[in-house]
Ligand SMILES: Nc1nc2c(ncn2[C@@H]2O[C@H](COP(=O)(O)OP(=O)(O)OP(=O)(O)O)[C@@H](O)[C@H]2O)c(=O)[nH]1
Ligand SMILES: [Mg+2]
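Numbering (this note's numbering), first residue to last: 4 to 313.
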């Protein structure tokens, strides 16, 4: 089942962002470094390009992502016009400090008393926008939390006499074009819980990681010791192995698939399995090539402003 999540407050957030864009010099788009293309909201580009604003793309949570994939994504994004991309971990003290300088380099005509530099932080939910804002200001002005849609309204602060920064609520868009993007976003905790079934997301993640990171799975869940061969397992086998290893059983004696799914997702989200990226520029290109053109077209054609799963 395809995952869609566009609650009502995001329509409001979009309108407000459009208004603020007029008085913005540069967009800082925060992406999740583990899913940099899936976590890009196409509406942000629409708004930004309408006003011809440059962008700084932050691949945040780089501490959780695979460094080789992150480098490949930086090379990819840095070829885009009017764009600079950097990888960061906003939770790491000092990592965010280079951002104002990078923004100034993209807007050389701003950053004076007469023409202060106005930066706008945008991105999908739970990617670390407010954490970035707090890091830049070096104090806790915005509430942060490991769940989507923590920030409910825009907040603007002066960084100095010549710079200001605005944090915005996480924004999704009306229709996710590729089903795998929805699952990657749900696995990375950007989608509201009411719009996903944890077991389905865990199964998607299990199959993805079995393809790309079998050795990490083997090490984390000691599959060898259970006499299991990670090379021949599928997602269902992996989740069952985790349930067995941790003795997650329900009262009726069956394996507790829900508890297993949540534990597996938590392991991925916290980095307990290792540094993982769910997509690379290459895997994305292949995914798009292999998606039936009619399905992709159908998804694009039915784009509308429907609100789903408020
Ligand atoms: N590992 C890791 N976690 C991070 C990083 N940056 C933020 N986080 C965590 O990600 C979660 C979400 O952070 P927020 O700053 O609230 O995210 P947000 O984008 O403002 O989310 P919304 O307001 O819901 O749109 C929190 O648990 C943060 O501690 C990072 O660089 N690395
Ligand atoms: Mg926030």
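Beta carbons are placed, not taken as given, at the ideal position from N, Cα and C, and that holds for glycine. Because the structure is a prediction, the values reported are computed rather than measured.
Rounded separation between residue i and residue j - CA only
i: residue 193; j: residue 243; result: 26 Å
i: residue 163; j: residue 276; result: 40 Å
i: residue 53; j: residue 222; result: 48 Å
i: residue 42; j: residue 190; result: 12 Å
i: residue 213; j: residue 117; result: 55 Å
i: residue 98; j: residue 257; result: 46 Å
i: residue 198; j: residue 151; result: 12 Å
i: residue 290; j: residue 179; result: 14 Å
i: residue 170; j: residue 280; result: 26 Å
i: residue 233; j: residue 93; result: 34 Å
i: residue 388; j: residue 216; result: Absent from the model: residue 388. The displayed extent of the chain is 4 to 313, so no value can be given.
i: residue 139; j: residue 231; result: 47 Å
i: residue 102; j: residue 255; result: 54 Å
i: residue 259; j: residue 205; result: 13 Å
i: residue 50; j: residue 21; result: 6 Å
i: residue 73; j: residue 30; result: 21 Å
i: residue 219; j: residue 202; result: 21 Å
i: residue 18; j: residue 245; result: 44 Å
i: residue 155; j: residue 226; result: 43 Å
i: residue 15; j: residue 24; result: 14 Å
i: residue 182; j: residue 294; result: 10 Å
i: residue 270; j: residue 165; result: 42 Å
i: residue 80; j: residue 262; result: 38 Å
i: residue 134; j: residue 288; result: 31 Å
i: residue 113; j: residue 132; result: 23 Å
i: residue 167; j: residue 56; result: 16 Å
i: residue 67; j: residue 172; result: 23 Å
i: residue 100; j: residue 272; result: 25 Å
i: residue 200; j: residue 89; result: 33 Å
i: residue 28; j: residue 37; result: 27 Å
Per-residue burial, residue i [other beta carbons within 10 Å of its own, 16 or more giving buried]
i: residue 77; result: buried
i: residue 84; result: exposed
i: residue 229; result: exposed
i: residue 26; result: exposed
i: residue 115; result: exposed
i: residue 137; result: buried
i: residue 104; result: exposed
i: residue 111; result: exposed
i: residue 250; result: exposed
i: residue 292; result: exposed
i: residue 10; result: buried
i: residue 282; result: buried
i: residue 141; result: exposed
i: residue 82; result: exposed
i: residue 32; result: buried
i: residue 96; result: exposed
i: residue 71; result: exposed
Any non-hydrogen atom of ligand 4 within 7 Å of residue i CB
i: residue 134; result: Looking for ligand 4 in the displayed structure turns up nothing; the ligands present are ligand 1 and ligand 2.
Whole-Å CB distance - residue i paired with residue j, under 8 Å assumed
i: residue 176; j: residue 45; result: 6 Å
i: residue 106; j: residue 91; result: Not quite, the Cβ-Cβ distance comes to about 13 Å (not below 8 Å), so this is no contact.
i: residue 87; j: residue 123; result: At roughly 15 Å, the Cβ-Cβ gap does not stay under 8 Å, so residue 87 and residue 123 are not in contact.
i: residue 8; j: residue 195; result: 5 Å
i: residue 278; j: residue 69; result: 5 Å
i: residue 224; j: residue 253; result: Contact flag wrong, Cβ pair sits at about 20 Å.
i: residue 35; j: residue 130; result: 5 Å
i: residue 13; j: residue 174; result: 5 Å
i: residue 65; j: residue 284; result: Incorrect: roughly 16 Å between the Cβ atoms, too far for contact.
Counterpart residues of residue i in DSSP-defined beta bridges
i: residue 89; result: 61
i: residue 282; result: Residue 282 is not bridged to any residue.
i: residue 161; result: 167
i: residue 31; result: 59, 124
i: residue 258; result: 252
**Message:** Would the stretch 208–216 count as touching the stretch 229–240 if we require 3 or more Cβ pairs under 8 Å?
**Reply:** Yes, since at least three Cβ pairs between the stretch 208–216 and the stretch 229–240 fall closer than 8 Å, the two stretches touch.
**Cβ contact (3+ pairs, closer than 8 Å) linking the stretch 175–195 and the stretch 257–266** = Contact between the stretch 175–195 and the stretch 257–266 is absent, because fewer than three Cβ pairs lie under 8 Å.
**Prompt:** Are at least three pairs of beta-carbons, each pair with one atom in the stretch 49–67 and one in the stretch 150–159, less than 8 Å apart?
**Reply:** Verdict: no, contact absent.
**Prompt:** Any chance the stretch 4–12 sits against the stretch 141–150, with 3 or more Cβ pairs inside 8 Å?
**Reply:** The stretch 4–12 is not in contact with the stretch 141–150.
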